[in-house]
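So the structure is just underneath, and the comments pick up after that.
In the working numbering, the protein residues as written are 1136 to 1733.
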């Protein structure tokens, strides 16, 4: 149960809009202004609407407004759709202003003489040639307390850096550098206060709307007072306040990346408030997109605080995904999406894959269990069976009683638990639906229709019964030499059919499955797998009885290709594609039973 914390309630930006820093200056005069307005997004739209309103209601202030914006840009999958900049529709349909579409100022000149250029969130540098064309140069509205947070993303970086205050500055356009003009007006000390509630979506957008309104009003006031007329007076106070001064570069994909071993919970929350959806990497290399990241208090889950920073799933917490930051504090992810999966279903998928084995929701159509689940299920050395916590990290160093998180269980068993156990198929009868070895391991092969190879995703089909399995030894005189040398069993399969193997064993064991000596889980050949050492070793096996079948060959997280019959030497086998040779063919199984160290 979560209790309500006492504390003050404040708006996101509490300072009144009508306050700004300025000084009394001698009266300046100019005729009605011909304005060239350069903008693009919602922040600049607010300023455009403000000066358009001033043109209608303030006599002799503005004669005309021409709008410059950038062309539509390709977007979406395949870059097949064109997305217009938001200011175009407002300028043409709402305000009925003349517009000019340019992607560069090179070779372009305003069609009529202009008095002042106003650039607000435009994205292009206005060159000296254009500024000299205007009688009074240029103005810019920047959502920061300049010179702090110069750059294209000041609002996002103000939240990322957890600034308590921010503001707006109206400056002249510098002929050579971005955001280094003379400050004609600025939010007064100490600035607009930013309060970050525990749960708020689109924090940057809310702050942007508030600062856009304040900046638009400030811009109109600068025009009314003719503060753009030289000589310019710098009224910026922040440069002399001894406050921090940082750059605010463009936001990149990497800025949205979360490393729980490096980022504190407060860092993660700030990233979410500033940037929205974040992403992290699972130990499998799979990308997880995080929707809605919040801090939390866990009075009933104190065991979380003893774990290494990372992600955890809880079977009794409504499918929430928990995380522990580098500082040790906890948070939770409201929703997530696995790369390539259905949006918002990541938490449920992780709970199915990583949750406790007795959870009814833990069954999935593809059960390629990750290494940490397999270790927990097989040895049960790290957490008691009733625990609700299944973390993504176990131990770092292999011993007789523990296993390194990147070490294949087969290699650990062979290193510490005696001689390797061979998989020897008993010939038995010539016709049988189930094959059993001398250790009680059983395998059967389910018949199923083959899905179309059309680069589309299909649900896995049901079984049509089991294939009859024949002993190679019983048919040695009628089989090719390659199959006789390999031995084991075989079964006939139509090219329009596929199969999947079903496994069973009374005692716990691990199974590695190979197609032509290529591991179907890791995609590596037997030879390459044995050459790996240290952190390169990843799980390449399944665990019985936790997983009793294998749907196909894993080609990407959550997606498999069916087991089908392809003639050896055709160039289309898994072996041929992975090793550039087709030498072995067939399907091989390596079984290692559980051995509890004494």
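Note that the Cβ used here is the ideal one computed from N, Cα and C, for glycine as well.
Listed in chain order, the non-local C-beta contacts of residue 1600 below 7 angstroms within the same chain comprise 1582, local neighbours out to five positions each way being set aside. Residue 1470 and residue 1479 have their C-alpha atoms spaced approximately 5 angstroms apart.
Closest option to residue 1297, judged by alpha-carbon separation, among 1404, 1309, 1310 and 1660: 1404. Inter-residue distance for residue 1413 and residue 1428 is about 9 angstroms (C-alpha atoms, whole angstroms).
Just so you know, the alpha carbons of residue 1233 and residue 1251 end up roughly 16 angstroms apart. Judged by beta-carbon spacing, residue 1326 lies within the 7 angstroms limit of residue 1280, meaning their Cβ atoms are closer than that value.
The residue from 1275, 1445 and 1474 with its alpha-carbon nearest to that of residue 1465 is 1445.
Here the alpha carbon of residue 1256 sits roughly 11 angstroms from the alpha carbon of residue 1181. Using a C-beta cut-off of 8 angstroms, the region 1679-1698 makes no contact with the region 1602-1609, since fewer than three inter-stretch Cβ pairs fall below that distance. In terms of CA proximity to residue 1681, 1646 leads the group 1646, 1283, 1431 and 1483. The C-beta of residue 1238 has fewer than 16 other C-beta atoms within 10 Å across all chains shown, which makes the residue exposed. If you compare the alpha carbons of 1203, 1289, 1217 and 1277 with that of residue 1265, the shortest gap goes to 1203. When rounded, the separation of the alpha-carbon atoms in residue 1584 and residue 1484 is 26 angstroms. Here residue 1187 is buried, its C-beta having at least 16 other C-beta atoms within 10 Å. For residue 1349, the enclosing alpha helix (DSSP H) begins and ends at 1338-1359. Contact annotation: residue 1591 and residue 1644 have beta-carbon atoms that are not nearer than 7 angstroms.
Ranked by how close their Cα comes to the Cα of residue 1179, the residues 1345, 1642, 1628 and 1699 have 1345 in first place. Across the structure, residue 1168 and residue 1368 are spaced so that their CA atoms are roughly 20 angstroms apart.
Contact between residue 1651 and residue 1597 does not hold, since the beta-carbon distance rounds to 27 angstroms and is not under 8 angstroms. Here the alpha carbon of residue 1459 sits roughly 14 angstroms from the alpha carbon of residue 1425. Residue 1475 and residue 1694 do touch by the CB rule: their CB atoms are close to 7 angstroms apart, below 8 angstroms. Contact annotation: residue 1275 and residue 1321 have beta-carbon atoms that are not nearer than 7 angstroms.
Residue environment: residue 1218 is assigned as exposed (fewer than 16 neighbouring CB atoms within 10 Å of its CB, all protein chains considered).
For secondary structure counted as the beta strand (DSSP E) over 3 or more consecutive residues, the region 1209-1280 holds these complete runs in sequence order: 1216-1218, 1234-1236, 1251-1255 and 1273-1277.
Less than 7 angstroms divides the Cβ of residue 1380 from the Cβ of residue 1283. The C-alpha of residue 1639 is placed about 57 angstroms away from the C-alpha of residue 1341. Annotated three-state conformation of residue 1695 is strand, per DSSP.
Assignment of beta-bridge partners to residue 1635 by DSSP yields 1581. Using a 10 angstroms sphere on the CB of residue 1371, the tally of other CB atoms reaches 16 or more, which defines it as buried. Ranked by Cα distance from residue 1302, the options 1293, 1409 and 1384 are led by 1293. Under the three-state reduction of DSSP output, residue 1372 falls in the coil class, being neither helix nor strand.
Among the bridge pairs identified by DSSP, residue 1457 is matched with 1447 and 1467.
Secondary-structure assignment with DSSP links residue 1303 through no beta bridge to anything. In the DSSP secondary-structure assignment, residue 1472 is bridged to 1424.
Contact annotation: residue 1173 and residue 1254 have beta-carbon atoms nearer than 7 angstroms. Following the DSSP letters along the chain, one finds residue 1189 in no beta strand (DSSP E) but inside the alpha helix (DSSP H) bounded by residues 1177-1192.
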